[in-house]
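In what follows, a structure is listed as structure tokens, so that the remarks can point back to it.
Take a look at the structure:
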């Protein structure tokens, strides 16, 4: 199927010239004489390329550019500029136009080259997007969303380590999602079809945890009325998640190290050596390096666990993710309750982004569940039971938006079109925000 090109120009002679050249190259070419006609065609059809004059009877080429960026972000737009309006074309390129052509053409080859480059660039970009989506599908994490650069870096590292069999140590404050990330790594590993076993080392007494981890034989201690398989044996072939690993005492640290090194274990009260095939992912909210220095955590076990460290940042250091996650939790809670998803009012959004989140993601999730229950169509500020620390640390929504824009531009090497797409706004809106926040280049505002 030939590639579709739309030419937007009110000069019939020049439009016909472009159509003739491009049809001679095998393209499927259509034309529109003004902004209105271009919008009507763009609403009904998908074009691979749009070539638009900057000056049109009912507006300008920037209106065409903005429409197609919103309607079909992958469609490149080339501007046509007459002598004396080149600065306007350069401005259009800053707003996302791919390139511009002079009017009249210097030669048919000028048109052919620009069109080919634009189509090739769009195809390369679509190929990269397909690869990115395939990569995201391969690293599927329903409960993990991120736009913050630090968190995106953590997820990229997790994606890389998931297919390996390396031991992973996840650190971070309570409530930052350590078990969620561990389950995500397991789900994207070669062990995904096998069992994921989680154990909270802090929730078991020292007298029980050895039996829970390694199992016991009948009669090995008072109350051992039968044989018991430990978590390592139950996780055979799969993944064992050891949460709060820093709570293990010295005796258990030694036994765990031996199992990790030798890949064998003995049940409590047993003499038989049992082979284990388990991938271990450990997690802690404590500073294990400091514990090693203090002598409360074995240095050799630390280095064995720390083969591939991942540090989850606290939610207060991920401001770009707060509203994304809040909306995700609202949607999930509303679905579970069979209710419409409420919107966040600007005042509620400002409260959320200004909170310090000592309970991290867990606190946000609980707050959104409550908001879903008490709110109507929209979550208002009074629906959020914020502690007093929010008042002591006011953070304006404008500050969060400005940082999100700066981060998006940095990730896309200053490309405003790509940044706007990631932010979910139009290029023109982004341009307005850049001027509003004093981020536009000199001469732009």
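Numbering (this note's numbering), first residue to last: 12 to 456.
Quick reminder that beta carbons are idealized off the backbone N, C-alpha and C, glycines included.
Model, not experiment: these values are computed from the prediction.
query                                                                                                                                                             : result
If you follow the beta strand (DSSP E) that residue 42 is in, where does it begin and where does it stop?                                                         : 39-43
If I follow the unbroken alpha helix (DSSP H) through residue 396, where does it start and stop?                                                                  : Unbroken run through residue 396: none, as it is neither H nor E.
Kindly give me the distance between the Cβ atoms of residue 86 and residue 112, rounded to whole angstroms, as I take these residues to be in contact under 8 Å.  : Actually they do not touch by this definition, with Cβ atoms about 17 Å apart.
What residue range is occupied by the uninterrupted beta strand (DSSP E) comprising residue 320?                                                                  : 319-322
If you draw a straight line from the C-alpha of residue 449 to the C-alpha of residue 420, how long is it?                                                        : 14 Å
Please report how far the alpha carbon of residue 42 lies from the alpha carbon of residue 56, in whole angstroms.                                                : 13 Å
Please state the DSSP three-state secondary structure of residue 386.                                                                                             : coil
Under the three-state reduction of DSSP, which class applies to residue 3: helix, strand or coil?                                                                 : The shown model of the chain, from 12 to 456, leaves out residue 3, and the question about it has no answer.
How is residue 436 classed by DSSP in three states: helix, strand or coil?                                                                                        : coil
Taking only the alpha-carbon atoms, compute the straight-line gap between residue 161 and residue 182 and give it to the nearest angstrom.                        : 14 Å
Given that a residue counts as buried once 16 or more other Cβ atoms are within 10 Å of its Cβ, and exposed if not, what is residue 395?                          : buried
Secondary structure at residue 56, three-state DSSP: helix, strand or coil?                                                                                       : coil
Note down, in chain order, each residue of its chain lying with its Cβ closer than 8 Å to the Cβ of residue 84, except the 5 sequence neighbours on either side.  : 428 and 432
When the Cβ atoms of the segment 436-448 are set against those of the segment 66-85, are three or more pairs found closer than 8 Å?                               : yes
Are at least three pairs of beta-carbons, each pair with one atom in the segment 291-304 and one in the segment 332-346, less than 8 Å apart?                     : no
Which word fits residue 403, buried or exposed, when buried means at least 16 other C-beta atoms lie within 10 angstroms of its C-beta?                           : Reliability fails at residue 403, whose pLDDT of 39 lies under 50, so the model's placement of it is uncertain and the value that follows must be treated cautiously. Exposed.
Go ahead and pull the three-state DSSP assignment for residue 457.                                                                                                : Here the chain has residues from 12 to 456 only, and residue 457 is not among them.
Please state whether DSSP places residue 443 in a helix, a strand or coil.                                                                                        : helix
For residue 400, name the three-state secondary structure that DSSP assigns.                                                                                      : Only weak support is given to the placement of residue 400: the predicted model assigns it a pLDDT of 48, under 50, and the value that follows is read from those uncertain coordinates. Reduced to three states, the DSSP call for residue 400 is helix.
What first and last residue would you give for the beta strand (DSSP E) that runs through residue 251?                                                            : 250-254
Apply the 10 Å Cβ neighbour rule to residue 115 and answer buried if 16 or more other Cβ atoms are within range, or exposed otherwise.                            : exposed
Between residue 136 and residue 13, what straight-line distance do the alpha-carbon atoms span, to the nearest angstrom?                                          : 19 Å
Take residue 20 and list the residues in its own chain whose beta-carbon comes closer than 6 Å to its own, dropping the five residues that flank it on each side. : 26 and 64
Between the beta-carbon of residue 266 and the beta-carbon of residue 207, is there less than 8 Å?                                                                : no
Alpha carbon to alpha carbon, how far is residue 415 from residue 121? Give it in angstroms, no decimals.                                                         : 39 Å
Per DSSP, which one or two residues make a beta bridge with residue 90?                                                                                           : 63 and 111
Mind checking residue 217: buried by the 16 CB within 10 Å criterion, or exposed?                                                                                 : exposed
Is the distance from the Cβ of residue 351 to the Cβ of residue 388 below 8 Å?                                                                                    : yes
From 316, 378, 349 and 170, pick the residue whose C-alpha is nearest to that of residue 255; which is it?                                                        : 316
Keeping to the same chain, check which residues put their C-beta closer than 8 Å to that of residue 174; ignore five residues upstream and five downstream.       : 199, 200 and 201
Could you compute how far the alpha carbon of residue 290 sits from the alpha carbon of residue 283?                                                              : 22 Å
Give me the DSSP bridge partner(s) of residue 343.                                                                                                                : Paired residue(s): none; residue 343 is not in a bridge.
One question on the structure: do residue 163 and residue 169 come within less than 8 Å of each other, judged by their Cβ atoms?                                  : no
Starting from residue 206, trace the alpha helix (DSSP H) both ways and give me its first and last residue.                                                       : Counting along the chain, residue 206 falls outside any alpha helix (DSSP H), and DSSP gives it neither H nor E.
Report, in whole angstroms, the separation of the C-beta atoms of residue 187 and residue 325, which I expect to be a contact under 8 Å.                          : 6 Å
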